[in-house]
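Engineer:
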């Protein structure tokens, strides 16, 4: 337990809420502010991509004993189901021995976590708009509008868990020596929907992450508890095969019939959903530092917004909390050191998962449709099963281990160089599981 | 001439003022706003690095007939004077046949240009603080303080020439699909001063850019008209040989005596200037897009702030104006196309000069003290003199030509690969101007 502090967490999203629980357990007074209404009282909007919880997320959950509670609302996903354009379906398992990620609906998870946080004694203030922060004194400035009257709220510490467009970071950004970048992807996304069968069962396999990889665009689907799937269409805003092109009903229907023929049976409201739901942006945001003295710290998307293609936005944010509390157990009430060690430890890992996530779009949208890529993954899995001490595939390092992301990225690049050589071996498709290939990999690993 | 517009230029710096002159010549009503007092009425602060005007800057000046006027207040600089630690002095000429850049004091130049702009009929509004802009209507929001009352100023177009921390860009940055980055260098700078001799002459050669290269830090000096020099000490904020270390008078004096022994005779007020003048930051800023419909455009540092090591911040900003007016002569009153072609044309070149400038710190602070580097430059110059059709050194492309920066960078990288091979030739230091070397370069160019 630390010396009790009065702490404000700005943002009642997943990271803000879990952080609040952690802080409350340390004996602090914790107030969570959010500019939006209580998500438990409103219908969740049609612009979400389903989340996947993996090892790092579960670690942060289980350290405060919440993992069992959350597992109840998740669906295990142990493989990719790859829908080729000719109707063929391939499966690619993520790990071994049934290792799985968990599909979670963002709205359901967030509501449940706010309930859990309130039960712990965290106080929530919804519809409270924080516009600015005085960094040196951890003072929040709150008001109805940006140009209207503001009042001050005084705290000992402020955490900015207010997402990719964080107002807390916005103030930090106006200081000298604050590095910052925001980069919008040329690819946007739109939510679509596969409803449940009349009996509440899933129309397609619930334990797969479904991908329809089509090169520069793709469709994916993740199961919900109620039998439905949240689908996401990722495609460029402009150019060939883009949102810009799909302007009218006829074009849209033709496009789906051509590229995603097997979805006709399962997405009944394609036209309505497509034109009703917004086309959303994807942004990558990086910054440094993440903290101001012992007063203010950024966490989650507010400090490192990434693209969703590795399914690690939430997991990386939850791992921020794990590392922050490792520093708290190490440094007690020395918050200056806690903050400084926290940002030093997390920054290279946030950069690494940003890079891994960016690369994974091409893996999902293009490579999963490529038989060479699938063969390479098969060889890696075969070798890894035989020599688990010598080879853990990159996806497993990132998703089923707690190895720092930056190490996973570096080792993954090294492994990829080896696999490039292996894939060049003559007749590799025939002798992929031969002693020759095995020895070649062992040699290259030396 | 275009259809007359009511145009606001935010920022009365060098780019804003020259842009205002160009716009006025087109027949527009031009108002220039600046949050600061009229620079002609105040003493110029001790945080400036002298400017150098080179070919691109002169081109923008001469297109409106102002080059002769400005040349009067500049001092030609045709070489680097490299002061080694042992007291040895080397010279490295920039171009051929007396090609020179011109040293200009920022304050003197800016005052002169505001005079010239007023003479053209441009109206200046100093001490006017623009806090925000409504992009869709080119409306400026002006007031005493950021949180106080604002009033609106309506224009047909707004140009943001308000520098690296532009408020106009700040508003654009809050839009979707606006890419932005700011990166602070680990190196800061401090202005120092070499006064004139009692008779008004210069204490050291006025036609040289003086460098004291010392690896991770350096001192440089550029001449002023009044016989003085503006000196700039560039060094890291922290670590070995850093501003952090030079905390007291004794340490400072020892440091200069050790590293810059020949400055003792010419910098009499070292201690006073050092502790009086601020240590300033260097920031690199990139963004895109630079324009909003046909209403708002960024220009100069507001759209591409670079580090000063190539001496091209002003020149790149002036070239923005040249290109903008090329588009105006091409597209007449079609401002949407003018803005769009302007940003498309300039963005890759702004990125290229940013990269060239970043690299040049190492060239100036480290390589100019390296005999191999000086030999390489000597070979390039010798070969270029013999084969002017085959080889123009990178510095000349950037500084004494109008070749787009992005092309100069690409060709420079290609030339550098060639020179790496040439420098590997056995006994190159003896046979540097031999037929063998000449033929080798000709071969590698093929």
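Protein chains in written order, with the UniProt record's numbering: chain V, 1 to 446; chain G, 1 to 446. C-beta: ideal position from N, C-alpha, C; glycine also. Source: prediction; values computed, not measured.
Check whether the Cβ of residue 301/V lies closer than 8 Å to any Cβ atom in chain G.
Structural biologist: No - not a single Cβ of chain G is within 8 Å of the one on residue 301/V.
Engineer: When you compare the CB positions of residue 175/V and residue 180/G, do they come within less than 8 Å of one another, or not?
Structural biologist: For residue 175/V and residue 180/G, no; Cβs fall outside 8 Å.
Engineer: Would you tell me roughly how many angstroms separate the C-alpha atoms of residue 357/G and residue 419/V, rounded to the nearest one?
Structural biologist: Rounded to whole angstroms, residue 357/G to residue 419/V spans 39 Å at the Cα level.
Engineer: Specify, as a first and last residue, the run of the beta strand (DSSP E) that residue 220/V falls within.
Structural biologist: Looking at the DSSP string, the run of the beta strand (DSSP E) that includes residue 220/V is 218-223.
Engineer: Determine, using beta carbons only, whether residue 126/G comes closer than 8 Å to chain V.
Structural biologist: No, no contact with chain V.
Engineer: Would you kindly report the start and end of the unbroken beta strand (DSSP E) that includes residue 348/V?
Structural biologist: Unbroken run through residue 348/V is the alpha helix (DSSP H), 335-365; no beta strand (DSSP E).
Engineer: Within 10 angstroms of the Cβ of residue 427/G, are there 16 or more other Cβ atoms? Answer buried if so, exposed if not.
Structural biologist: Per the 10 Å Cβ criterion, exposed.
Engineer: Consult DSSP for residue 17/G and reduce its assignment to one of helix, strand or coil.
Structural biologist: Helix.
Engineer: Please confirm whether any heavy atom of the ligand HEM lies closer than 7 Å to the CB of residue 210/G.
Structural biologist: Absent from the structure shown: the ligand HEM. Ligands present: none.
Engineer: Per DSSP, what kind of secondary structure is residue 56/V in: helix, strand or coil?
Structural biologist: Here residue 56/V sits in helix by DSSP.
Engineer: Applying the criterion that 16 or more other CB atoms from any shown protein chain within 10 Å of the CB defines a buried residue, is residue 1/V buried or exposed?
Structural biologist: It counts as exposed.
Engineer: Between residue 431/V and residue 241/V, what straight-line distance do the alpha-carbon atoms span, to the nearest angstrom?
Structural biologist: In a straight line, the C-alpha of residue 431/V is about 38 Å away from that of residue 241/V.
Engineer: So is residue 206/G buried or exposed if we call it buried at 16+ other beta carbons inside 10 Å?
Structural biologist: Its Cβ being crowded by 16 or more others within 10 Å, residue 206/G is buried.
Engineer: Can you pull the chain B neighbours of residue 238/G, defined as C-beta to C-beta under 7 Å?
Structural biologist: Going by chain labels, chain B is absent from the structure shown, which instead holds the protein chains V and G.
Engineer: Kindly indicate if chain G contains any beta-carbon less than 8 Å away from that of residue 182/V.
Structural biologist: Yes, residue 182/V lies at the interface with chain G (some Cβ there is under 8 Å from its Cβ).
Engineer: If you drop the 5 nearest sequence neighbours on each side, which residues of the same chain put their C-beta closer than 6 Å to that of residue 348/G?
Structural biologist: Excluding positions up to five away in sequence, the list reads 406.
Engineer: Whose Cβ in chain V lies nearer than 7 Å to the Cβ of residue 177/G?
Structural biologist: Going along chain V in sequence order, the residues near residue 177/G (Cβ under 7 Å) are 184 and 281.
Engineer: Taking all protein chains shown into account, do 16 or more other C-beta atoms lie within 10 angstroms of the C-beta of residue 443/V, making it buried, or fewer, making it exposed?
Structural biologist: Looking at its Cβ environment, which holds fewer than 16 other Cβ atoms inside 10 Å, residue 443/V is exposed.
Engineer: Taking the straight line between their C-alpha atoms, what separation do you get for residue 351/V and residue 298/V?
Structural biologist: Answer to the nearest angstrom: the Cα atoms are 15 Å apart.
Engineer: Judging by CA-CA distance, which residue of 370/V, 383/V, 381/V and 403/V is the nearest neighbour of residue 345/V?
Structural biologist: Minimum Cα distance to residue 345/V is reached at 403/V.
Engineer: Please report the distance separating the alpha-carbon of residue 171/G from that of residue 171/V.
Structural biologist: Going by the C-alpha atoms only, they are around 14 Å apart.
Engineer: Report buried or exposed for residue 258/V, applying the criterion of at least 16 other Cβ atoms within 10 angstroms of its Cβ.
Structural biologist: The residue in question, residue 258/V, is exposed, as its Cβ has fewer than 16 Cβ neighbours within 10 Å.
Engineer: In whole angstroms, give me the CA-to-CA distance for residue 220/G and residue 232/G.
Structural biologist: Rounded to whole angstroms, residue 220/G to residue 232/G spans 5 Å at the Cα level.
Engineer: DSSP three-state label for residue 397/G, please.
Structural biologist: Note: residue 397/G maps to helix in three-state DSSP.
Engineer: I need the DSSP call for residue 182/G, collapsed to helix, strand or coil.
Structural biologist: Residue 182/G falls in the strand class under three-state DSSP.
Engineer: Which of the three DSSP states, helix, strand or coil, is assigned to residue 165/G?
Structural biologist: In this structure, residue 165/G counts as coil in the three-state DSSP scheme.
Engineer: How many angstroms separate the CA atom of residue 156/G from the CA atom of residue 144/G?
Structural biologist: Cα to Cα, the separation comes out at about 24 Å.
Engineer: Tell me the rounded alpha-carbon separation between residue 17/G and residue 8/G.
Structural biologist: If you take the alpha carbons of residue 17/G and residue 8/G, they lie about 11 Å apart.
Engineer: Three or more C-beta pairs under 8 Å: does that hold for the region 131-142 of chain V against the region 259-276 of chain V?
Structural biologist: No, the region 131-142 of chain V is not in contact with the region 259-276 of chain V.
Engineer: Please name the residue in 333/V, 353/V and 325/V whose C-alpha comes closest to that of residue 342/V.
Structural biologist: The shortest Cα separation from residue 342/V among 333/V, 353/V and 325/V belongs to 325/V.
Engineer: Quick check on residue 278/G: does DSSP put it in helix, strand or coil?
Structural biologist: Residue 278/G falls in the coil class under three-state DSSP.
Engineer: When you compare only the Cα positions, how much space is there between residue 153/G and residue 43/V?
Structural biologist: Cα to Cα, residue 153/G sits roughly 41 Å from residue 43/V.
Engineer: Between which residues of its own chain and residue 98/G is the CB-CB distance below 7 Å, once the five residues before and five after are set aside?
Structural biologist: Hits under 7 Å: 78.
Engineer: State buried or exposed for residue 377/V, treating a residue as buried only when at least 16 other CB atoms are found within 10 Å of its CB.
Structural biologist: Residue 377/V is buried by the Cβ-count criterion.
Engineer: Can you find the residues in the same chain that come closer than 8 Å, C-beta to C-beta, to residue 204/V, ignoring five residues on each side of it along the sequence?
Structural biologist: Closer than 8 Å at Cβ, skipping near neighbours: 81, 194, 210, 221, 229 and 266.
Engineer: Under three-state DSSP, which class holds residue 92/G?
Structural biologist: In this structure, residue 92/G counts as strand in the three-state DSSP scheme.
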